[in-house]
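Q: Handing you this structure, nothing more for now.
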Amino acid sequence: MPREMYDVAECDDFCLAVIMAACATEAAAIQWCLKVGLLPRSRDCPSCGEAMRLSPNGKRFRCCRSGCRLERTYKKGSFFEGQGLTIQDAVLLLWLWAKREPSTHAQQMTGHSSHTLTDWYSFCRDICSREMLRSPMQVGGPGHIVEIDETSIKKKSKNNVGARHPDFWLFGGVERTTNMFFASVVYEDRTKPRLSAEIRKFVLPGSHIMSDMWPSGSTIRPTS
1 MPREMYDVAE CDDFCLAVIM AACATEAAAI QWCLKVGLLP RSRDCPSCGE
51 AMRLSPNGKR FRCCRSGCRL ERTYKKGSFF EGQGLTIQDA VLLLWLWAKR
101 EPSTHAQQMT GHSSHTLTDW YSFCRDICSR EMLRSPMQVG GPGHIVEIDE
151 TSIKKKSKNN VGARHPDFWL FGGVERTTNM FFASVVYEDR TKPRLSAEIR
201 KFVLPGSHIM SDMWPSGSTI RPTS
């Protein structure tokens with residue numbers, strides 16, 4: 001069975017024992033976040049530009065310039081800014097979400113409400129979606145086979161009454177060996193130039209492209 005694309009089972013910093021130790025106390029969770037980069041270790045003062053120093057407990061940054069002394073919370077500008085959860089709970093929920101544990105299981109482990117868990121899981125999905133859109137992930141590579149296809153997605157009117165919604169098209173592909181995939185909304189533009197551009201964007205050079213959208217048995221090799 002192919003490995004998961006983001007399998008954290010073999011990452012020492014994300015194994016169960018380490019996460020449980022990191023979630024033992026709030027201070028331990030903060031130190032773990034500093035270690036893996038979820039919280040910043042250094043920061044420049046937004047007022048004077050001088051370096052800011054992290055407090056011993058890791059919870060506040062203070063400007064080193066004697067005439068400034070501006071302070072900022074450790075969450076400012078981080079993944080955790082604006083979240084009402086403690087770092088301790090947030091780390092555990094983040095790990096459970098990454099392991100694809102159901103929100104009901106996460107609720108049992110943390111004691112938070114189903115509403116909180118739904119919001120947190122949605123937040124994690126949103127962060128990952130924005131990152132994937134910002135930095136498109138490429139699949140395939142020399143000698144790898146990527147199967148591509150398209151599908152129509154349409155919003156249905158309630159009880160088939162009311163305004164008709166136009167179709168829009170989703171174009172994507174999956175690598176046979178790893179099950180890594182990409183997907184892109186192309187709306188009405190399903191022309192070969194547009195789809196070829198999407199392939200060059202998401203598929204690594206040297207890949208073999210297989211699809212019923214092109215003549216049977218043909219392959220396409222994206223160029224860099």
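Read in order, the letters of the sequence shown are residues 1 to 224 in UniProt numbering. Built from N, CA and C at the ideal position, the CB exists for glycine as well.
1) If you check the beta carbons only, do K47 and C68 fall under 8 angstroms apart?
2) Using the Cβ count rule (16 or more neighbours within 10 Å means buried), how would you classify D89?
3) Could you pull out every residue in the same chain whose Cβ sits closer than 6 angstroms to the Cβ of L38, ignoring the five residues on either side in sequence?
4) Kindly indicate which three-state DSSP category G82 falls into: helix, strand or coil?
5) In chain order, which beta strand (DSSP E) runs of at least 3 residues are fully inside the region 50 to 108?
6) On the three-state DSSP scale, how would you describe M20?
7) Give the range of the alpha helix (DSSP H) segment to which D119 is assigned.
8) Between V146 and the rest of its own chain, which residues show a CB-CB distance below 8 angstroms, the 5 nearest in sequence each way excluded?
9) Considering only residues of the same chain and omitting the five flanking positions on each side of T60, which have a CB-CB separation below 8 angstroms?
10) DSSP on E188, reduced to helix/strand/coil?
11) Examine the Cβ distances between the region 85 to 100 and the region 15 to 29 and report whether three or more of them are shorter than 8 angstroms.
12) How many Å lie between T25 and Q108 at the Cα?
13) Cα-Cα, which of R200, A98, I153 and R62 is closest to V185?
14) Taking the beta carbon of M20 as the centre, do at least 16 other beta carbons fall within 10 Å, making it buried, or is it exposed?
15) Just how far apart, CA to CA, sit S218 and S122?
16) Along the beta strand (DSSP E) that carries L170, what are the first and last residues, could you check?
17) Less than 8 angstroms separating the beta-carbons of E50 and R62?
18) So if DSSP puts F182 in a beta bridge, which residue, or which two residues, is it bridged to?
A: Let's see:
1) Walking along the sequence shown from the start, residue 47 turns up at place 47. Walking along the sequence shown from the start, residue 68 turns up at place 68. For clarity, residue 47 is Ser in the given sequence; the question names Lys instead. In this structure, C68 lies closer than 8 angstroms to S47 by Cβ.
2) For this step, residue 89 is matched to residue 89 along the sequence shown. Label assigned to D89: buried.
3) Counting from 1 along the sequence shown, the entry for residue 38 is found at position 38. Cβ within range, chain order: F79.
4) As a position in the sequence shown, residue 82 is number 82, starting the count at 1. The answer is coil: DSSP assigns G82 none of H, G, I, E or B.
5) 51 to 54, 60 to 63 and 71 to 73
6) Within the sequence shown, the letter at position 20 stands for residue 20. Helix.
7) In the sequence shown, residue 119 corresponds to position 119, counting from 1. From DSSP, the alpha helix (DSSP H) with D119 extends over S114 to R134.
8) In the sequence shown, counting from the first residue as 1, residue 146 sits at position 146. Result list for V146: V139, G140, G173, V174, E175, R176, V203, S207, H208, I209 and M210, in chain order.
9) By one-based count along the sequence shown, residue 60 stands at place 60. A small fix is needed here, since residue 60 is Arg in this sequence, not Thr. The answer, listed in chain order, is L54, E71, R72, T73 and Y74.
10) Walking along the sequence shown from the start, residue 188 turns up at place 188. Correct three-state label for E188: coil.
11) yes
12) Along the sequence shown, one-based indexing puts residue 25 at 25. Along the sequence shown, one-based indexing puts residue 108 at 108. Looking at the two C-alpha atoms, the distance is approximately 19 angstroms.
13) Mapped onto the sequence shown, residue 185 falls at position 185. Ranking the options by Cα distance to V185, first place goes to I153.
14) Position 20 of the sequence shown holds residue 20. Answer is exposed; the Cβ neighbour count stays below 16.
15) Residue numbering aside, residue 218 sits at position 218 when the sequence shown is read from its first letter. Residue numbering aside, residue 122 sits at position 122 when the sequence shown is read from its first letter. Unreliable placement is indicated for S218, whose pLDDT of 47 sits below 50; no coordinate value is reported for it.
16) For the purposes of this step, residue 170 is taken as the residue at position 170 of the sequence shown. F168 to E175 is the extent of the beta strand (DSSP E) around L170.
17) Against the sequence shown, residue 50 aligns to sequence position 50. Against the sequence shown, residue 62 aligns to sequence position 62. In this structure, R62 does not lie closer than 8 angstroms to E50 by Cβ.
18) On the sequence shown, position 182 is the one that residue 182 refers to. In DSSP, F182 forms a bridge with G173.
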